[in-house]
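Step one of this worksheet: look at the structure below.
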Amino acid sequence: MTFIPWPIPEPDLPAGVHPALAAAARAACTAYRDARRLLTRPQLAEEIAMGADGTPTMRVDALVEDAIAEAAQRHRVNLLSEEAGFVDNGSATTLIVDPLDGSANAASGVPLSCFAGVLARDAIAGEAVTVWLDTGRSWWARAGHPTPYRTTGRTTVDGATVNLLRPKPSARDAWLRVAERAGRLRVFGTTCLEAVLVAEGSIDAFADPGSDTLRIVDLAAALVTVPAAGGAVIDARGRPLEFDPDLTRRWSGIAAATPRLADDLAATILG
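Once you know that position 2 of the sequence shown is 185 in this note's numbering, the rest is easy, because the numbers rise by one and skip nothing.
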């Protein structure tokens, strides 16, 4: 079977989500649902362009991002997205989104992909939403406000449950150093979903082990959601994580249950 048969539900969004952010999340779900209904797996995965971040754009990425861009325009907010880059709609407010995090999973039918978005005003993040597309489950957080999510509180890599990016040649040694200390490792292929699992205490940490792969759109939602739950989001090399429209900038991001665990992971990655 070349079509992905199961449906995509509507996102279960809290009532207080900003209308522009909610509209973007719903647009992503609708576009992905329609794409899976009309296109085969090979058609979803077809590379049709080069994104603003310098990586190939799959057809499914473009369809979802186009729907989000229309929602942003309707709500008169700017958009920063991995394929289109920065779209200026003349507003002081910007939606920073990863339209379809885990594109390869999404195109092949692996049910691990998500929409992640942040609403920022004058480069200051206000709130974030992450939606697990195959289930409709969502995580919402406002900067500086209490959240129902709580991390595990773990402070050391030893025995921790850690999700990592796949081991790339430049980061293989660092990947193995983390593996030798962690109690359990997983590779999901969807950074934004893995970060909210840190926030809710399902895993202890997620990390890019030194490959400098992640862009700000990969980390934006985590920068709001994880600290609100007691955790920390840092770059393994200590570089500031900034809401910069330049999508060629890359980081080795870490989302961890506590600042101490984030620092321990960074030290382990750097060796």
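The beta-carbon is built from N, C-alpha and C at its ideal position, and this holds for glycine as well.
Bounds of the beta strand (DSSP E) holding residue 263 are 261 to 264. With a cutoff of 9 Å on beta-carbon distance, residue 279 and residue 426 are scored as near each other. The way I'd put it, the stretch 288 to 299 doesn't touch the stretch 336 to 351; fewer than three beta-carbon pairs between them come closer than 8 Å.
Around residue 204, the same chain offers 300, 302, 312 as residues with beta carbons nearer than 6 Å, after the five sequence neighbours per side are excluded. Check the Cα spacing between residue 199 and each of 422, 445, 324: the tightest is with 324. With contact defined as three or more Cβ pairs closer than 8 Å, the stretch 437 to 448 and the stretch 374 to 389 are in contact. Within the same chain, and ignoring the five residues on either side of residue 286 in sequence, the residues whose Cβ sits closer than 6 Å to its Cβ are 241, 244.
Taking all protein chains in view, the Cβ of residue 366 is surrounded by fewer than 16 other Cβ atoms within 10 Å, so the residue is classified as exposed. A distance below 9 Å separates the beta carbons of residue 194 and residue 209.
In the DSSP assignment, residue 405 falls within the alpha helix (DSSP H) that extends over 399 to 411. Taking a contact to require three or more Cβ pairs closer than 8 Å, the stretch 329 to 345 and the stretch 259 to 276 do not qualify as touching. Restricting attention to 422, 215, 448, the CA atom closest to the CA of residue 292 is found in 215. Taken in chain order, the whole beta strand (DSSP E) runs of length 3 or more contained in the stretch 237 to 311 are 239 to 241, 261 to 264, 268 to 270, 276 to 284, 297 to 304. The three-state reading of DSSP puts residue 435 in coil, since its state is none of H, G, I, E or B.
Contact annotation, residue 448 with residue 437: C-beta distance approximately 5 Å; criterion of less than 8 Å satisfied. Residue 196 is a Cβ neighbour of residue 314, given a cutoff of 9 Å. Distance between residue 248 and residue 282, taken at the CA atoms: about 6 Å. Looking at the DSSP output, residue 230 bridges to 241. Closest in C-alpha terms to residue 333, from the list 307, 412, 272, 306, comes 412. Per DSSP, reduced to three states, the secondary structure at residue 189 is coil, with no helix or strand assignment. In the displayed model, residue 381 falls within a helix according to three-state DSSP.
Residue burial annotation: residue 329 is exposed, with fewer than 16 other C-beta atoms found within 10 angstroms of its C-beta.
Taking a 10 Å sphere around the C-beta of residue 318, we find fewer than 16 other C-beta atoms and assign the residue as exposed. Look at residue 453 here: in three-state DSSP terms it is helix. Per DSSP, residue 220 is one residue of the alpha helix (DSSP H) stretching across 202 to 221.
Non-local beta-carbon contacts of residue 445 in its own chain, meaning distances under 6 Å to residues more than five positions away in sequence, involve 415, 417, 437, 439 in chain order. Note on geometry: alpha-carbon atoms of residue 202 and residue 258 lie some 8 Å from one another. The three-state secondary structure of residue 326, taken from DSSP, is coil.
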